[in-house]
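**Q**
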């Protein structure tokens, strides 16, 4: 499937900002399951300094600095991507690996030196007894890693209501469990937390999802969104994706931008602005098949 | 044994519980300590005690402090130094030298690997989890390298174990503290007790600091020969701020806070009064994860957004590098032996304290089984877990701890509980054996490490306690290494000497406010004293304002201190004014009171402490003492405020004089003087408005004019110049226009104009800028006044024109202060992008 993505972020500042540094994580990765044919990022005001850099996780980051006064910042990211249907989930479904054996199996393998970090707590994903309890029933002794991961995805999907406005990026997963509401990054963080608390390696995927309008209606411009989901590590197979927000296995309408331990590593836009005034943000995303 | 030592050490040996550094198991003085003990004997027990007192007094006067977190006594807690030094025997010294160099080298290799190929992890020499789970592993710092050795500075704590060998207890790798205190200890002890040094050839410390400068120069970008080096401090509230300021002045480098620096065009710049200046090397005392809010902790206000970008570009070097706190992970201790073998095929020369990292099943089980004999630590230095000794826990506490360990084992280690050796500390007039830790310092020089021939020795504050840290009130000792006759050439490198000294904007602002607060206190004190004297004339009985002039004076006090409503329109308060006066002098939480301003002044002085000489600092210490006396003044004893305020004013004036001398012709002095002058003018105008705007009957007007002249210290000069009775026209002439009178408005503005033009000159080479023009306008306005016209009262007896004139000049001066503020002082506040609530995803 070929997609054209347009992701526009607009910040409006109450007071003039005279200096701003931003780290943009918006360039989609090149992977066996997707090819990024083109990517362009336009920033307004035009940056005084800019640089592309590959981060620790292999993602492409774009650093931009602006040294002139502005009361508005616009980031327009456009990319063209070919996405292939994922094959890993099919293979993983047949994997006999038990979830409780994952850690010891992994520890024997070379990639442990890298994958080990996805077993550990990270800025938004703590070790927590509450989280352990929440997911206990999904991790039945003697069950496969595949079954446990699917059971967990389903449990999160059914326990949490998708509702924007109740959580922020800083809402702890324990609170999300109590609120039973959240947005896709809360779903993803909770699933990762449950997995890591049981000794399963999981990482955060930042990207886009193609959405479909209700039957008979036309798709609205800007109605898509940036999205977040989860990948679980299966030794010998690789990273297998799960989307707990929609309770589905990503096939070919999930477009990957970046991988990280959690949102902290791959936030689409992170920055520091020199100003003490308040700010407003508006995000529009369009994912179009071409 | 000599009698004097006996006096001091009668109970020493009965208190002995471990190996002692000074006395052997037969209570005989060890060889290395014999000469020192002989010197102590010669000095005598009494004299040693006196010197100990003197030592503490000297350190206090010099403002040597160690700040305590959460200490309600405020910012500065005195540094404790014992008169008895710590002697490192020659054989120990050569062992430490070899062992510490080896250790520094290996740690440098580990750091290089962790942010490089991570072979240690791939080869399972260090467990992956131990690195990945530690907050000191900073992914954005991956692959960033310094030229040469990766760890320019290194320090470790050493203690002597029961087997008589020195062991490494912990490593300090990101911003080792204490070397400045070591230097200060030496200079204080050699000044107060030079007799102790007789027969000794104690190695000098200066050479180490030259090497430190060399080391910093060596990492400068593009091999720059004369780099600009700055010391980055978290600020005056940091526990070792004294040391930051002290080291910066000692090394001749600029002391800065994060807000003084900015990243722009891939370089780091320092914001100074004269514009931006490029920075090449940053010696940091800010923890690494706070150094760049763009890529590390985004809630930090102590760093420089974009710093990592400039580092990656190779335009600025930071020592120690960001990310080096990973080496302070205590869990590493358990694997260092293997790392030594891996890199050097050698065992560590200095053994380290036995450590079991709970991230491994077998080790965790061992720790849990032996919890009674182990010390349990978290691997994070700044973590929420506080070190505990298993032996001191109750059953319930132990169970709780075991639960915590089992829940997240990789966060904990168990360490052997070692009985450190003791050394003698002079405590309550006798010697007491206290557990002792030596902090040793190394600096990279070329391909090698160089060890400080000395160090910082610290002893436990309480007998029998193993806790030796400054946070818990430890006592320090000067540390002696015999130099065995050799004298190393001491070469002086003063890289900043060739550079123009710069005044960071924040320092400029602090100096400006030191000037303003000083003058505010001087003027307020003087006027309050005049009022207080008049009020208490009648045998110190509490009298109310019984005359018109007294009421006006009390209202003037309210206006001067900006404490409205105060005496304005409050007949009750006017009838019984002393309680309000007491508040205005003594009450710290009453904005505008002398005490309130004094606290602000001391805070500004402290924040600019690298700018003061030892002599100035001694005066600051005296001001602190007077402050303490004012703080406890009872309302009934308000008359004593007369003397205290007199003393306070005296000290402040000597401080000004001292500053005038030691800051000769620098930008710092300009800022300080402008602060003084601006405050002086504002205070005078406030007095004029309160006292002169209404015409009163002759006797009241006489008293008021007299008070006004007195408070401007012009009464005698008035009499000598005008020789007439007090009349408003000549008074105004003297106070406003007289160029011979240094406190006249005209003279003050003339001074201000000179400084403003200086600034403009330095900045752009011309005399004129917005600020100097503003001052000139004020100056001309004053110059052109027509006094008789201005003082003529209207039909209601009001001198409206005079009042309007004063308001006009006041506004101009306020405006000037604001313009200085926005032009020269740093006020960059920043926040994360998308700060409000973060942004939401929607599907």
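Protein chains in written order, with the numbering used here: chain Y, 1 to 290; chain U, 291 to 1133. Where is the CB? At the ideal position from N, CA and C, for every residue including glycine.
Counting pairs of Cβ atoms below 8 Å between the region 61-76 of chain Y and the region 24-40 of chain Y, do you hit three or more?
**A** Cβ pair count under 8 Å is three or more, so yes.
**Q** Going by CA-CA distance only, name the one from U:408, U:639, U:424 that's closest to residue 392 of chain U.
**A** Mapped onto the second chain, residue 392 of chain U falls at position 102. Nearest C-alpha to residue 392 of chain U: U:639.
**Q** Starting from the beta carbon of residue 698 of chain U, find every residue of chain Y whose beta carbon is closer than 8 Å, and list them in chain order.
**A** Within the second chain, numbered from 1, the residue matching residue 698 of chain U stands at position 408. 121, 127, listed in chain order.
**Q** Cα-Cα, which of Y:169, Y:216, Y:113, Y:130 is closest to residue 414 of chain U?
**A** Within the second chain, the letter at position 124 stands for residue 414 of chain U. Comparing Cα-Cα distances from residue 414 of chain U to each of Y:169, Y:216, Y:113, Y:130, the minimum goes to Y:113.
**Q** Could you tell me the boundaries of the alpha helix (DSSP H) in which residue 457 of chain U lies?
**A** The residue you call residue 457 of chain U lines up with position 167 of the second chain. First-last for residue 457 of chain U: 456-462, but that is the beta strand (DSSP E), not the alpha helix (DSSP H).
**Q** Look up residue 121 of chain Y in the DSSP assignment and say whether it is helix, strand or coil.
**A** Mapped onto the first chain, residue 121 of chain Y falls at position 121. If DSSP states are grouped into helix, strand and coil, residue 121 of chain Y belongs with coil.
**Q** Could you pull out every residue in the same chain whose Cβ sits closer than 8 Å to the Cβ of residue 1033 of chain U, ignoring the five residues on either side in sequence?
**A** As a working mapping, residue 1033 of chain U is identified with position 743 in the second chain. For residue 1033 of chain U, where only same-chain residues beyond five positions count, the Cβ hits under 8 Å are 970, 974, 1002, 1003, 1004, 1025.
**Q** Give me the Cα-Cα distance between residue 21 of chain Y and residue 226 of chain Y, rounded to the nearest whole angstrom.
**A** Within the first chain, numbered from 1, the residue matching residue 21 of chain Y stands at position 21. Within the first chain, numbered from 1, the residue matching residue 226 of chain Y stands at position 226. Straight-line Cα distance between these residues: approximately 22 Å.
**Q** To the nearest angstrom, report how far apart residue 34 of chain Y and residue 622 of chain U are at their CA atoms.
**A** In the first chain, counting from the first residue as 1, residue 34 of chain Y sits at position 34. In the second chain, counting from the first residue as 1, residue 622 of chain U sits at position 332. Taking the straight line joining both Cα atoms gives about 40 Å.
**Q** Look at residue 768 of chain U and residue 476 of chain U and say whether their C-beta atoms are less than 7 Å apart.
**A** Residue numbering aside, residue 768 of chain U sits at position 478 when the second chain is read from its first letter. Residue numbering aside, residue 476 of chain U sits at position 186 when the second chain is read from its first letter. Yes.
**Q** Please determine if the region 424-441 of chain U and the region 393-404 of chain U are in contact, where contact requires at least 3 C-beta pairs separated by less than 8 Å.
**A** At 8 Å Cβ cutoff, the stretches touch.
**Q** For residue 679 of chain U, which residues in the same chain have their Cβ closer than 7 Å to its Cβ, ignoring the five residues on either side in sequence?
**A** Here residue 679 of chain U refers to the residue found at position 389 when the second chain is read from its first residue. Around residue 679 of chain U: 665, 707.
**Q** Less than 7 Å between CB atoms is the rule here; does residue 614 of chain U satisfy it with respect to chain Y?
**A** Residue mapping note: residue 614 of chain U aligns to position 324 of the second chain, counting from 1. With 7 Å as the cut-off, residue 614 of chain U does not count as an interface residue toward chain Y.
**Q** Quick one: which residues of the region 55-84 of chain Y get their C-beta closer than 9 Å to a C-beta of chain U? List them in chain order.
**A** Taking 9 Å as the Cβ-Cβ cut-off against chain U, the residues of the region 55-84 of chain Y that qualify are 55, 56, 57, 63, 65, 67, 73.
**Q** Helix, strand or coil for residue 63 of chain Y? Go by DSSP, reduced to three states.
**A** Taking the first residue of the first chain as position 1, residue 63 of chain Y is located at position 63. Here residue 63 of chain Y sits in strand by DSSP.
**Q** Expressed to the nearest angstrom, what Euclidean distance is found between the alpha-carbon atoms of residue 506 of chain U and residue 609 of chain U?
**A** As a first step, residue 506 of chain U must be located in the second chain, where it is residue number 216. As a first step, residue 609 of chain U must be located in the second chain, where it is residue number 319. For residue 506 of chain U and residue 609 of chain U, the distance between alpha carbons rounds to 7 Å.
**Q** Taking only the alpha-carbon atoms, compute the straight-line gap between residue 699 of chain U and residue 668 of chain U and give it to the nearest angstrom.
**A** Position 409 of the second chain, counted from the first residue, corresponds to residue 699 of chain U. Position 378 of the second chain, counted from the first residue, corresponds to residue 668 of chain U. Spanning the two alpha carbons is a distance of roughly 10 Å.
**Q** Mind listing which residues of the region 570-584 of chain U have their C-beta closer than 8 Å to chain Y's C-betas, in chain order?
**A** Those would be 583, 584, in chain order.
**Q** Counting only beta-carbon separations shorter than 7 Å, does residue 620 of chain U have a partner in chain Y?
**A** As a first step, residue 620 of chain U must be located in the second chain, where it is residue number 330. Not closer than 7 Å to any Cβ of chain Y, the Cβ of residue 620 of chain U fails to qualify, so no.
**Q** Per DSSP, residue 7 of chain Y is paired with what?
**A** Here residue 7 of chain Y corresponds to residue number 7 of the first chain, with the count starting at 1. According to DSSP, which records beta bridges pairwise, residue 7 of chain Y is partnered with Y:77, Y:285.
**Q** Give the straight-line distance between the Cα atoms of residue 1046 of chain U and residue 1059 of chain U, rounded to the nearest whole angstrom.
**A** For this step, residue 1046 of chain U is matched to residue 756 along the second chain. For this step, residue 1059 of chain U is matched to residue 769 along the second chain. Approximately 8 Å between the Cα atoms of the pair.
**Q** Does the Cβ-Cβ distance between residue 474 of chain U and residue 741 of chain U come in under 7 Å?
**A** The sequence position of residue 474 of chain U within the second chain is 184, counting from 1. The sequence position of residue 741 of chain U within the second chain is 451, counting from 1. Not in contact: residue 474 of chain U and residue 741 of chain U (Cβ atoms no closer than 7 Å).
**Q** For residue 49 of chain Y, go through chain U and note every residue whose CB falls closer than 7 Å to its CB, in chain order.
**A** The sequence position of residue 49 of chain Y within the first chain is 49, counting from 1. 555, 556, listed in chain order.
**Q** From residue 817 of chain U to residue 70 of chain Y, what does the alpha carbon distance come to, in whole angstroms?
**A** Along the second chain, one-based indexing puts residue 817 of chain U at 527. Along the first chain, one-based indexing puts residue 70 of chain Y at 70. Rounded to whole angstroms, residue 817 of chain U to residue 70 of chain Y spans 49 Å at the Cα level.
**Q** Give the straight-line distance between the Cα atoms of residue 803 of chain U and residue 660 of chain U, rounded to the nearest whole angstrom.
**A** Locating residue 803 of chain U in the second chain gives position 513, where the first residue counts as 1. Locating residue 660 of chain U in the second chain gives position 370, where the first residue counts as 1. Approximately 58 Å, taken between the alpha carbons.
**Q** Have a look at the DSSP bridge pairing and note the partners of residue 747 of chain U.
**A** By 1-based counting over the second chain, the position of residue 747 of chain U is 457. BP columns for residue 747 of chain U point to U:728, U:767.
**Q** Using the three-state DSSP reduction, which class does residue 668 of chain U fall into: helix, strand or coil?
**A** Counted from its first residue, the second chain places residue 668 of chain U at position 378. In this structure, residue 668 of chain U counts as strand in the three-state DSSP scheme.
**Q** Taking residue 11 of chain Y as the query, report the chain U residues whose CB atoms sit under 8 Å from its CB, ordered along the chain.
**A** Position 11 of the first chain, counted from the first residue, corresponds to residue 11 of chain Y. Ordered by position in chain U, the residues that pass the 8 Å Cβ test against residue 11 of chain Y are 1123, 1124.
**Q** Which partner residues of residue 38 of chain Y appear in the DSSP bridge assignment?
**A** In the first chain, residue 38 of chain Y corresponds to position 38, counting from 1. According to DSSP, residue 38 of chain Y bridges with Y:80.
**Q** Quick one: which chain Y residues come within Cβ less than 9 Å of residue 432 of chain U?
**A** Walking along the second chain from the start, residue 432 of chain U turns up at place 142. The answer, in chain order, is 55, 56.
**Q** Suppose the cutoff is 7 Å on Cβ atoms and the five residues either side in sequence are ignored; what does the same chain contact list for residue 1016 of chain U look like?
**A** Your numbering for residue 1016 of chain U matches position 726 in the second chain. So the list reads 992, 995, 996, once near-sequence residues are dropped.
**Q** Look at the alpha carbon of residue 122 of chain Y and the alpha carbon of residue 534 of chain U, and state the distance between them as a whole number of angstroms.
**A** Within the first chain, the letter at position 122 stands for residue 122 of chain Y. Within the second chain, the letter at position 244 stands for residue 534 of chain U. Approximately 33 Å, taken between the alpha carbons.
**Q** Could you tell me if residue 455 of chain U is buried or exposed, where buried requires 16 or more neighbouring beta carbons within 10 angstroms of its beta carbon?
**A** Working through the second chain from its first residue, we reach residue 455 of chain U at position 165. Looking at its Cβ environment, which holds fewer than 16 other Cβ atoms inside 10 Å, residue 455 of chain U is exposed.
**Q** Which residue from U:615, U:1094, U:549, U:558 puts its Cα closest to that of residue 1115 of chain U?
**A** What you label residue 1115 of chain U is simply residue 825 of the second chain in a count that begins at 1. Closest by alpha carbon: U:549.
**Q** Taking the Cβ atom as the reference point for each residue, do residue 240 of chain Y and residue 88 of chain Y lie within a distance shorter than 7 Å?
**A** As a first step, residue 240 of chain Y must be located in the first chain, where it is residue number 240. As a first step, residue 88 of chain Y must be located in the first chain, where it is residue number 88. Contact: yes.
**Q** Short check: CB of residue 716 of chain U to CB of residue 402 of chain U, under 7 Å?
**A** Reading the second chain from its first residue, position 426 is the one you call residue 716 of chain U. Reading the second chain from its first residue, position 112 is the one you call residue 402 of chain U. Contact flag unset, no.
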